[in-house]
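Engineer: In mature numbering (1 follows the signal peptide of the UniProt record, and there is no 0), the protein residues as written are -19 to -1, 1 to 429. Note that the Cβ used here is the ideal one computed from N, Cα and C, for glycine as well. None of these values were measured; they are calculated from a predicted model. I have a structure here, written as structure tokens, and I will follow up with some questions on it.
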């Protein structure tokens, strides 16, 4: 009897627990670069003008379906689900099961659709005629014929819809009344960002013409949007290069377009993080004046240090890595000597191809005021150690485990990489000639 009661209780608790699970499921169809359908989507949250992935969700191969359990930390807030530029907002409460049927820019919310998700569902039905010009092959081909008329016809319905939002969730309502109008602006720019253009300004949709007359990026709430950064960038790009037919680089004009000082600084720092510049040092020197808050100024100083590191005469950043015995060596230990740093890995065939020339270079410069430091970015220490010992490689060999200053501060993303530093710790060449080129020896000798 006791066992029966206990089993019944456990079953009841299990059923109650299952009933409290929060699930998003459905189908997601998208063709990245018009090649093949994506194999995964993501659950994401908004952060600093962009998105941060929380969970990777695989799509079933046969029907592109998915199902994901949403943790409590992502409830009662807006989260986003999708892939690349096609992301849909969701708002879930404990125990909700929401079904999404998303295909090529269109979406239907079904299942337990709360008031918040009904707003999103109804919104996408209104803007669906516009989004087909961005997310479908047929639509992108026909955009030049119908895009302008479609866009301008949706201005009034979208404004009316946003003004009518009243879910009873005051915080939600306040935010989506910012999110949705900017979402419409971002979608409106889509065909133009994909290459659609007009011979004369008069041919552009009235909505776009008015947008460029009024948008000065003064609203700080833009940075609370999941597409804040790319909206600013996209709008500025279309304005300068498609609408005004200017030439040059966007990085040279974008700062002047952003009226909000704090958001301008955040945008410039994000651009640096994305490495979307022609010359880092020039960009930093030009835009460091725009930093407003202390955290922004501190972040810019870090970028400034990294920028100068890559310039001839820039101050090198110290690093510390262990050799095969475990002894840690610092770059500063070799001040007073010319230093050639070789970044390599045991699996890197071009790196291995340079080793004979590097060995010959080292031997030819024995007794001279130069040191050769080879830093492996391998993560398997034994494999690295065995190769160095088996080949009897000369020079100082250090193990980074693909971490530390050489990866983070020097931002080396490709190997082999040779970095030459002079006797005073100043940068000679951030991307030096390879040992197989005799000019490297000449360059080293000129600095001894």
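If you count every other CB in all the chains shown that lies within 10 Å of the CB of residue -9, and 16 or more means buried, which is it?
Structural biologist: Residue placement at residue -9 is poorly supported in this model, since its pLDDT is 49, which falls under 50; the coordinates still yield a value, given next. The residue in question, residue -9, is exposed, as its Cβ has fewer than 16 Cβ neighbours within 10 Å.
Engineer: Helix, strand or coil for residue 128? Go by DSSP, reduced to three states.
Structural biologist: Reduced to three states, the DSSP call for residue 128 is helix.
Engineer: Under DSSP, the alpha helix (DSSP H) around residue 172 begins and ends at which residues?
Structural biologist: It spans 151 to 174 - the alpha helix (DSSP H) in which residue 172 sits, taken as one unbroken run.
Engineer: Look up residue 435 in the DSSP assignment and say whether it is helix, strand or coil.
Structural biologist: Nothing about residue 435 can be read from this structure; the chain reaches only from -19 to 429.
Engineer: In or out: residue 471 buried (at least 16 other Cβ within 10 Å) or exposed?
Structural biologist: Not covered by the structure: residue 471. The range shown for the chain is -19 to 429.
Engineer: Do you know offhand how far residue 109's Cα is from residue 86's?
Structural biologist: Each residue's alpha carbon lies about 7 angstroms from the other.
Engineer: So does residue 150 have its beta carbon nearer than 7 angstroms to some heavy atom of the ligand GDP?
Structural biologist: Absence of the ligand GDP from the depicted structure is noted, as is the absence of any ligand whatsoever, leaving it without description.
Engineer: Expressed to the nearest angstrom, what Euclidean distance is found between the alpha-carbon atoms of residue 176 and residue 91?
Structural biologist: Distance between the alpha carbons of residue 176 and residue 91 is about 35 angstroms.
Engineer: Compute the distance between the beta-carbons of residue 163 and residue 192, then report whether it is under 8 angstroms.
Structural biologist: Contact: no.
Engineer: Specify, as a first and last residue, the run of the beta strand (DSSP E) that residue 465 falls within.
Structural biologist: No answer is possible for residue 465: it lies beyond the span of the chain, which begins at -19 and ends at 429.
Engineer: Inspect the beta-carbon positions of residue 433 and residue 50 and report whether they are closer than 8 angstroms.
Structural biologist: Here the chain covers residues -19 to 429 and nothing more, so residue 433 does not appear.
Engineer: What is the rounded straight-line gap between the Cα of residue 62 and the Cα of residue 70?
Structural biologist: Taking the straight line from one Cα to the other gives about 7 angstroms.
Engineer: Cutting at 7 angstroms between CB atoms, please list the residues of its own chain near residue 324, excluding the five before and the five after it.
Structural biologist: Closer than 7 angstroms at Cβ, skipping near neighbours: 356, 358, 387, 393, 396, 397, 398.
Engineer: Would you give the residue range spanned by the beta strand (DSSP E) that residue 238 belongs to?
Structural biologist: No beta strand (DSSP E) contains residue 238, which is instead part of the alpha helix (DSSP H) from 235 to 238.
Engineer: Going by DSSP, which residues form a beta bridge with residue 80?
Structural biologist: Answer is 6, 91.
Engineer: Measuring CB to CB, does residue 297 end up less than 8 angstroms from residue 312?
Structural biologist: A contact, by the Cβ cut-off of 8 angstroms.
Engineer: Would you call the CB atoms of residue 111 and residue 79 closer than 8 angstroms?
Structural biologist: Not closer than 8 angstroms, so no.
Engineer: Can you give, in chain order, each stretch of the alpha helix (DSSP H) that sits fully within the segment 198 to 260 and has at least 4 residues?
Structural biologist: Qualifying alpha helix (DSSP H) stretches, in chain order: 209 to 218, 235 to 238, 242 to 254.
Engineer: From the DSSP output, read off the bridge partner residues of residue 26.
Structural biologist: Answer is 33, bridged to residue 26.
Engineer: Residue 11 and residue 64 look like a contact to me (Cβ under 8 angstroms); what is the Cβ gap, rounded to whole Å?
Structural biologist: Right, their Cβ atoms sit about 6 angstroms apart.
Engineer: Would you report the Cα separation of residue 238 and residue 197, rounded to the nearest angstrom?
Structural biologist: Approximately 6 angstroms between the Cα atoms of the pair.
Engineer: Determine which residues share a DSSP beta bridge with residue 387 and list them.
Structural biologist: Answer is none; residue 387 lacks a bridge partner.
Engineer: Beta-carbon within less than 6 angstroms of residue 210's beta-carbon, same chain only, minus the 5 sequence neighbours each way: which residues are those?
Structural biologist: So the list reads 30, 31, 251, once near-sequence residues are dropped.
Engineer: Using CA coordinates, which residue listed in 301, 300, 286 is at the minimum distance from residue 294?
Structural biologist: The shortest C-alpha separation from residue 294 is found at 286.
Engineer: Assign residue 419 to one of three DSSP states: helix, strand, or coil.
Structural biologist: Reduced to three states, the DSSP call for residue 419 is coil.
Engineer: What are the start and end residues of the beta strand (DSSP E) that includes residue 355?
Structural biologist: 351 to 357 is the extent of the beta strand (DSSP E) around residue 355.
Engineer: What three-state label does DSSP hand residue 1 in the structure shown?
Structural biologist: DSSP places residue 1 in coil when its eight states are reduced to three.
Engineer: Just checking my contact of residue 374 with residue 303 at CB under 8 angstroms: how many whole Å lie between their CB atoms?
Structural biologist: Not quite, the Cβ-Cβ distance comes to about 16 angstroms (not below 8 angstroms), so this is no contact.
Engineer: Distance check for residue 142 and residue 241, CA to CA, integer angstroms please.
Structural biologist: Their backbone Cα atoms lie some 28 angstroms apart in a straight line.
Engineer: Would you report the Cα separation of residue 381 and residue 262, rounded to the nearest angstrom?
Structural biologist: So the two alpha carbons sit approximately 27 angstroms from each other.
Engineer: Quick check on the burial criterion: 16 or more other C-beta atoms within 10 angstroms. Buried or exposed for residue 255?
Structural biologist: Exposed is the call here.
Engineer: Using 8 angstroms as the Cβ pair cut-off and three pairs as the minimum, do the segment 141 to 158 and the segment 116 to 133 touch?
Structural biologist: As far as the Cβ criterion goes, the segment 141 to 158 does not touch the segment 116 to 133, which means the pair count is below three.
Engineer: Starting from residue 368, trace the alpha helix (DSSP H) in both directions and tell me its first and last residue.
Structural biologist: 362 to 372 is the extent of the alpha helix (DSSP H) around residue 368.
Engineer: Would you say residue 46 lies against chain C (beta-carbon separation less than 8 angstroms)?
Structural biologist: No chain C appears in the structure shown, which is made up of a single protein chain.
Engineer: Near residue 451, what residues of its chain come up, given a Cβ to Cβ distance below 8 angstroms and the 5 sequence neighbours on each side ignored?
Structural biologist: It is not possible to answer for residue 451, since the shown part of the chain is limited to -19 through 429.
Engineer: Report the CB separation of residue 364 from residue 306 in whole angstroms; it is logged as a contact under 8 angstroms.
Structural biologist: The pair is not a contact, with the Cβ atoms about 17 angstroms apart (cut-off 8 angstroms).
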